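Notes for the one structure printed next.
Chains as they are written, first to last, in full-length UniProt numbering: chain R, 1 to 285; chain B, 1 to 630.
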């Protein structure tokens with residue numbers, strides 16, 4: 001009998017907690033009903049393009065109060081796939097379409113919205129501050145393993161790069177490495193932030209990141225025909241700094257409605273100002 | 001006098017309506033209910049198998065392509081994983097070796113510490129200490145893996161680099177330490193339940209025979225709880241093998257086999273890490289994509305192998321319980337005691353039982369101190385760094401400037417939705433499956449396969465659930481990135497934990513209780529619902545608590561199925577995507593420079609949220625336990 005009444009108490013308590021839990025969720029959810037406007041689009045894909053898409057959304061929604069734009073990451077391939085399959089209205093990509101993607105989704109339209117520079121970064125304590133592209137290639141293919149081989153102190157080079165599905169790595173591999181294999185001991189991270197963090201606390205490390213990730217690390221100048229070119233906005237825009245690549249937004253067919261307005265906004269003067277403010281290279285103006 | 005006696009009689013009748021009194025219509029109805037419930041439970045249990053087959057079919061469907069393209073041997077035994085090279089290579093051997101090494105070392109660290117902690121909590125600690133430590137350790141399970149990864153990246157790898165004078169701290173060792181810390185709460189909590197459920201008479205009998213407390217613990221209590229402890233270890237190992245986010249942030253992810261193989265400072269790459277860092281940006285339908293699904297299948301088979309091995313071990317231990325022990329076990333015990341004697345020889349012959357007890361209790365207490373210190377360090381870091389970010393706007397606003405400003409309200413609500421939905425799916429299914437397995441079946445090939453399926457599902461890494469959710473729910477069923485897809489994925493993920501822990505706690509109910517109930521004429525379902533389930537509730541709640549902690553903090557299963565980085569609005573239907581705290585934290589820490597205050601703040605909110613849920617459940621359990629003693 002004691003067991004019976006106790007089990008009843010406990011069961012009621014459990015049920016109470018569950019109900020309270022669901023009710024809490026329900027109450028909180030109630031607030032959503034007043035907001036979504038008549039039009040909604042989703043933007044998904046490359047983590048490199050994510051900041052642009054997100055900032056542009058904020059600015060765009062200020063002037064278009066009733067619209068809803070949902071932005072998410074996932075990667076360039078998610079962006080291509082989502083746009084191609086129609087699960088998202090706009091896909092984003094930090095690389096060009098691959099042959100199988102062009103074949104699978106022939107209607108995809110590419111919108112070149114910005115350029116992104118790739119910086120080589122080292123720890124601030126590293127004496128090296130310029131490298132030639134050949135030296136960079138030597139480091140990444142395993143020819144050079146010690147900093148004293150490229151004019152630095154006697155310390156082992158810790159090679160850090162992006163994961164093998166990354167658009168950034170693909171570009172780096174083609175442009176800098178001429179498609180040679182990366183050294184096998186290369187440490188890999190799946191984000192610019194991860195690489196930046198790693199480099200900032202590892203004295204012997206070298207890595208490559210997008211333009212916005214320079215806090216706590218030192219960006220190297222590149223030797224171009226004997227002169228060191230610093231990765232400044234000016235030198236990158238004028239293409240003197242040699243490593244940059246295009247960023248895309250993709251739509252299945254020509255966009256219309258809200259997607260069209262949003263893309264137009266990204267390409268407008270205001271949109272491209274946002275691009276510049278986020279340390280990417282504008283394509284217009 | 002007459003009045004006092006009259007009162008309980010109708011109440012008793014209410015408590016057990018008509019048991020054994022009217023065998024006619026009410027009896028037939030009860031039989032019918034009994035049969036229906038039995039059938040219902042059977043179909044629910046079957047669902048676990050169907051799910052596993054679905055997951056396997058979908059992974060293999062996409063994964064077998066790689067075997068066609070490269071050949072089975074080249075895939076499994078290939079030394080190079082270089083999918084992006086000029087001559088792409090898809091050899092997973094370094095990844096398999098990496099996974100095994102990281103997990104093995106992690107378990108070597110975690111098992112002694114967790115079993116020590118479990119023994120301390122169950123056998124040594126005073127009631128008040130126990131009431132404080134157990135929830136504290138369970139709280140460790142609620143810390144999201146991405147927070148561990150963040151900590152590992154900032155503190156652990158740096159410490160290893162400096163302390164051992166290595167060029168880089170990202171290493172096998174870092175991954176193992178982190179995984180050990182993550183597996184400890186799971187193992188400790190479940191093992192403690194198993195130890196606590198060893199009948200008190202065993203201890204009293206042993207103590208009455210003159211054994212010391214340590215001798216009782218070592219020779220009576222722990223052997224008696226061995227099946228439960230083994231289950232705890234499997235659960236912990238499942239978590240360690242399947243961990244993605246934390247591991248990929250600290251192991252360096254270089255696809256090399258350590259040279260020499262014992263070099264714990266070598267960077268390594270695990271199977272899960274490979275999926276975690278490469279899945280997001282791989283081109284769909286490409287060879288690389290198929291290779292990643294191949295990796296997922298390999299992961300599944302490793303899980304299967306480990307589970308099968310563990311099941312054999314458990315059944316060996318469990319089988320002859322009460323009678324003779326298996327010879328291997330006896331030899332092991334004999335060897336251990338000989339070693340103990342040999343070691344103690346220099347200290348003047350055999351160590352007295354009292355000294356050995358002091359020694360053992362010291363080591364056990366030390367393990368608790370280590371575990372709590374790890375907890376304290378991580379909590380301290382989160383609270384100190386995160387408190388500054390918490391404000392009214394942070395809690396109730398929408399994110400602005402990529403999460404560097406504004407708040408995280410949509411993410412908080414989104415997490416509630418995801419966890420609540422997952423729990424609503426998994427709790428009824430899980431408890432029903434466990435009841436069916438324990439109460440309705442003898443050991444048959446069917447139940448064995450259900451149990452094997454559950455174990456397989458349990459060991460299945462969360463990222464594999466993510467891949468499955470994406471391939472099946474998002475693409476095949478065309479749900480899109482949506483709340484419902486995330487809820488189902490999370491529900492499937494926590495289902496095995498709930499089944500496993502419910503099973504354990506049902507199993508710990510003595511058979512005599514059931515027999516007593518049957519003897520009084522109760523039907524099966526009456527026995528289960530009124531005699532077996534009530535005392536099993538604390539154990540079931542532990543399972544639910546651990547599941548909530550896990551579901552709330554997981555990033556891998558929702559990042560391809562439900563989560564978006566930002567939305568002004570809360571979802572108004574199940575088909576819309578949501579923001580979620582762990583995913584928000586992941587994006588903040590890895591992709592948004594200059595948002596470390598907000599990421600600590602998000603981590604703190606996530607922790608507090610989990611803490612509140614835990615507290616509610618722990619209070620229920622405490623209340624129940626106290627009542628039971630009375």
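No residue lacks a Cβ here, since even glycine has one placed at the ideal position from N, Cα and C.
In this text the structure is predicted, and so the values were computed from the model without any measurement.
Excluding sequence positions up to five away, which residues of its chain have a Cβ less than 7 Å from the Cβ of residue i?
i                      : result
residue 82 of chain B  : 88, 89
residue 35 of chain R  : With a pLDDT of 40 at residue 35 of chain R, under the threshold of 50, the modelled position of that residue is not reliable, and the figure given next carries that caveat. Once the five neighbours on either side are set aside, residue 35 of chain R has no close Cβ partner at all.
residue 151 of chain B : 378, 381
residue 353 of chain B : 212, 215
residue 485 of chain B : 469, 473, 474, 479, 561, 562
residue 118 of chain B : 188, 191, 192, 195
residue 441 of chain B : 447
residue 306 of chain B : 237, 459
residue 185 of chain B : 137, 138, 140, 141
Can you give me the start and stop residues for the alpha helix (DSSP H) that residue i sits inside?
i                      : result
residue 591 of chain B : 581 to 591
residue 74 of chain B  : 72 to 77
residue 267 of chain R : 257 to 267
residue 56 of chain R  : 50 to 63
residue 514 of chain B : 511 to 519
residue 245 of chain B : 245 to 250
residue 491 of chain B : 483 to 507
residue 424 of chain B : 409 to 435
residue 85 of chain B  : That residue, residue 85 of chain B, is in no alpha helix (DSSP H); it is neither H nor E in DSSP.
residue 537 of chain B : 533 to 553
residue 225 of chain B : Here residue 225 of chain B belongs to no alpha helix (DSSP H), and DSSP marks it neither H nor E.
Can you give the beta carbon distance from residue i to residue j, rounded, assuming they're within the 8 Å contact cut?
i                      : j                      : result
residue 422 of chain B : residue 487 of chain B : 5 Å
residue 263 of chain R : residue 249 of chain R : 6 Å
residue 600 of chain B : residue 389 of chain B : 6 Å
residue 49 of chain R  : residue 94 of chain R  : 6 Å
residue 45 of chain R  : residue 74 of chain R  : 6 Å
residue 531 of chain B : residue 439 of chain B : With a Cβ gap of about 11 Å, residue 531 of chain B and residue 439 of chain B do not count as contacting.
With a CB to CB cut of under 6 Å and the five nearest residues on each side skipped, what residues in its chain are close to residue i?
i                      : result
residue 115 of chain R : 244, 246, 281
residue 133 of chain B : 121
residue 240 of chain B : 103, 106, 179, 183
residue 266 of chain R : 56, 113
residue 228 of chain B : 194, 504
residue 575 of chain B : 482
residue 498 of chain B : 426, 430, 543, 547
residue 466 of chain B : 556, 557, 560
Report all residues from its chain with a CB closer than 8 Å to the CB of residue i; omit the five preceding and five following residues, and keep chain order.
i                      : result
residue 7 of chain R   : Only weak support exists for where residue 7 of chain R lies, its pLDDT of 44 falling under 50; the coordinates are left without a value.
residue 417 of chain B : 483, 487, 571, 578
residue 67 of chain B  : 75, 294
residue 322 of chain B : Only weak support exists for where residue 322 of chain B lies, its pLDDT of 43 falling under 50; the value from the coordinates is given anyway. There are no such residues.
residue 395 of chain B : 407, 408, 409, 412, 605
Tell me the DSSP secondary structure of residue i in three-state form.
i                      : result
residue 462 of chain B : helix
residue 93 of chain R  : strand
residue 281 of chain R : strand
residue 632 of chain B : What the structure shows of chain B is the stretch from 1 to 630, and residue 632 of chain B is not part of that stretch, so it cannot be assessed.
residue 146 of chain R : strand
residue 135 of chain B : helix
residue 192 of chain R : helix
residue 441 of chain B : coil
residue 399 of chain B : strand
residue 26 of chain R  : Its pLDDT being 41, under 50, residue 26 of chain R is placed unreliably by the model, and the measurement read from it follows with that caveat. Helix.
residue 562 of chain B : coil
I'd like the span of the beta strand (DSSP E) that includes residue i, first residue to last.
i                      : result
residue 187 of chain R : 187 to 189
residue 223 of chain R : 221 to 224
residue 249 of chain R : 244 to 252
residue 210 of chain R : 205 to 210
residue 45 of chain R  : 39 to 45
residue 110 of chain R : 108 to 122
**Prompt:** With contact counted as at least three CB pairs below 8 Å, one residue from each stretch, are the region 145 to 162 of chain R and the region 120 to 130 of chain R in contact?
**Reply:** yes
**Asked** On the three-pair Cβ rule with 8 Å, is the region 207 to 222 of chain R touching the region 184 to 199 of chain R?
**Response** yes
**Prompt:** Hey, is the region 91 to 101 of chain B in contact with the region 269 to 286 of chain B, meaning 3+ C-beta pairs nearer than 8 Å?
**Reply:** yes
**Message:** Using a Cβ distance threshold of 8 Å, determine whether the region 217 to 231 of chain B contacts the region 153 to 160 of chain B, with at least three qualifying pairs required.
**Reply:** no
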